[in-house]
Each structure stands twice: as structure tokens, then as C-alpha cells.
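Colleague: Before we start, here is the structure in question, set down as C-alpha cells.
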Amino acid sequence: MTDTALSDLAARVASARRVTVMTGAGVSAASGVPTFRGPGGLWRHYRPEDLATRQAFARDPALVWEWYAWRRQTVAACRPNPAHEVLARWSRRDGHTLIIQNVDDLHVRAGTRDLVRLHGSLWEMTCFNGCERGTRSWRDERVPLPEMPPSCPHCGGSARPAVVWFGESLDSADVNRAFNATACDVFLTVGTSALVYPAAGLVHQARARGAFTAEINVDETPASALVDVSLRGPAEEILPAVDQLI
Ligand code: BJW
912 MTDTALSDLA ARVASARRVT VMTGAGVSAA SGVPTFRGPG GLWRHYRPED LATRQAFARD
972 PALVWEWYAW RRQTVAACRP NPAHEVLARW SRRDGHTLII QNVDDLHVRA GTRDLVRLHG
1032 SLWEMTCFNG CERGTRSWRD ERVPLPEMPP SCPHCGGSAR PAVVWFGESL DSADVNRAFN
1092 ATACDVFLTV GTSALVYPAA GLVHQARARG AFTAEINVDE TPASALVDVS LRGPAEEILP
1152 AVDQLI
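Following this line, the structure appears as C-alpha cells:
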């Protein structure tokens, strides 16, 4: 990463009318939240693709809830880091949209305004059986959960985390908002492996619609070759550096 790349990105963000940022698990890594993939990304010997599905939950709800309970406990002890804080400040500017894949709520706790949440929240639940009242999510921030696995307060069936698993559709209103936000001057993708769709397709959309595209990541991703500038390094250092130059 060069100083020129940093100052180029800062100048683009400063002069843009519309800036869209999309984050992934890497933005919370410095807060102590494990990422999904890469070193330390596995829980026991399971991959997210083995646990984050409706089929996995139907097969073994206790196992899947054990994973979520462990993650809730981990996240409860974490605090937003400088990357969340910069993005929270930027969210107060007109024309700024933050799209998040993270379910840890650290962007919310940093004070971000008006974000587009693609994959739900660890702190909300719905009814796994889809009972009428349980299709609307409810918030439960208790750590540890008093009942494992937890049940739906409406029908007594299984409760599930209100997150989007593989093979499930994202909320169409959120997808529309995210798609609309790809009509921007600058599209910046931060701390995501750019492997999971439809989120991973947004940077392609933004580029096709004429945005200047940039990536911040400690490693190369499938988006690296596509974007106009790829800044290699930790989000919690690069975002404050860009912010200082604005
Ligand atoms: C740092 C750093 C630091 C570390 N600083 N960086 C098109 C093509 C192919 C497949 C599909 C497709 N369309 C749909 C699919 C299927 C599927 C999919 O994408 N599969 C791929 C794996 C191939 N998608 C879906 O099923 C989606 N649904 C859907 O499309 O519905 C329509 C449909 C239905 C039926 C059939 C077909 C279509 C739903 C996807 C839901 C994803 N859910 C999860 C779990 C959420 C709940 C939970 O948390 O438990 O979301 S999976 C997991 O991956 C989580 C994340 O949000 C998501 C993305 O991961 P992320 O955030 O990028 O994290 P990592 O760990 O992968 O990467 C971290 C990065 O940070 C790394 O690059 C590090 O280098 C970096 N990093 N420290 C900066 N300090």
C-alpha cells in the first residue's frame, strides 16, 4: 500500500456525493470477533457452510445453538474498534450508505446511522417453525441464554437466530436498498472475503454503474483484481488513516 493510494482514496471519498461502504467479518477482527474463514475461522472442526444452514439446524439444533451461544458470549465481551468508529462518523454525512454483512451489532454500538443489514443479527431470534407471531423477530441479549436450545415464546417450538443462512433469501427490501446504493461515486469494500453472494456481487454492480471501487483487506480476495485500488492491511489502521486525510 502506498501513501498515494491512501490519499487518492481519501480525496475520492471527500469529493464524492454518494459513498457506499460494505463491510464483512474482518472489520470486527480487531475487536476480538472471530472471522468465518481463514486462520481461527473454524469453530471446532466445522465450516460455516456446515452450520449456517436450515438443514444443519433441523438435524441438530443443540449443536447449532451451541455455536451461536459461544459467538454471543464472545461478542458480548467485545467493543467497537477504530474501523467501526470511522464508519459511524461517515454514516452521518449526507449520501453515505453502510451495508453490513456482520451479525455482531458492533456497527450499531459504534453509533452508525441508517445501515443496511444483509445477514441479520446474533441478538435477534425468530420461530424456526414459522408460527404466525414468531415470524416477527424479537430481541434477546441474554448471555448465557437461560434455556438451551431456546424456544419460541409464542408456540413453544424451536427458536432460531434471526440471521440469514446459506440457501435462504435475504430480505428483499434490504437487497433493494443495497442494490440502489451501488449507484454511487465511491464503493468501498472492507474486511470481506468477497465469496458469499449476493453481497459479493455488489462491488461488481457498483463498478458496472461507474463507481470508483476500492477494497481494504489484510489478504487478497476475488475482488482485489477487479477494484480500482486495493489497500492491503488492517481496516482498523487504514480507515483512520484515510479519515485523517479527509
Ligand atoms: C481483515 C482483517 C482486518 C481479517 N482488516 N480485513 C452466486 C454464486 C455462487 C453461489 C451463490 C450465488 N448466489 C447465491 C449463492 C449461494 C450462497 C453463496 O454465496 N455461497 C458461496 C459460499 C459460494 N448464498 C446464499 O445462500 C445466500 N442466499 C441467497 O443467495 O438466496 C437466494 C438463493 C436461495 C437458494 C439457492 C440459491 C440462491 C445467503 C448467504 C447467507 C450468508 N450467511 C452467513 C452466516 C450469517 C449468520 C451467522 O453469522 O451465523 O453470513 S455465512 C458468513 O459469510 C456470514 C458472513 O456475513 C458471510 C461473508 O463472510 P465475510 O464477512 O466476508 O467473512 P470471512 O470470514 O469470509 O472473511 C473475512 C475477511 O476479512 C477475510 O478476507 C480476511 O482476510 C479479512 N480480514 N482481518 C481487514 N483486521
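Taking my numbering, the leading residue of the sequence shown gets 912, the next gets one more, and so forth. Backbone N, C-alpha and C fix where the C-beta goes; we use that ideal spot for every residue, glycine too.
Kindly list the residues whose CB is nearer than 6 Å to the CB of residue 1027, restricted to its own chain and excluding five residues on each side of it in sequence; keep chain order.
Modeller: 1010, 1085, 1088 and 1089, listed in sequence order.
Colleague: Rounded to the nearest angstrom, what separates residue 1068 and residue 1123 at their Cα positions?
Modeller: Rounded to the nearest angstrom, the two C-alpha atoms are 48 Å apart.
Colleague: Shortest alpha-carbon distance to residue 1035 belongs to which of 1025, 992, 1014 and 1019?
Modeller: When only C-alpha atoms are compared, the closest one is 1014.
Colleague: Out of 919, 923 and 931, point me to the one whose CA is closest to residue 1116's CA.
Modeller: 931
Colleague: In chain order, what residues of the same chain have a beta carbon less than 7 Å from the beta carbon of residue 1056, not counting five sequence neighbours either side?
Modeller: 980
Colleague: Could you check which residue in 1137, 1040, 1093 and 928 has the C-alpha nearest to that of residue 966?
Modeller: 1040
Colleague: Secondary structure at residue 1074, three-state DSSP: helix, strand or coil?
Modeller: strand
Colleague: With distances taken from CA atoms, which of 915, 1127, 927 and 1103 is nearest residue 1007?
Modeller: 927
Colleague: Exposed or buried, which one is residue 1053 when buried takes at least 16 other CB atoms within 10 Å?
Modeller: exposed
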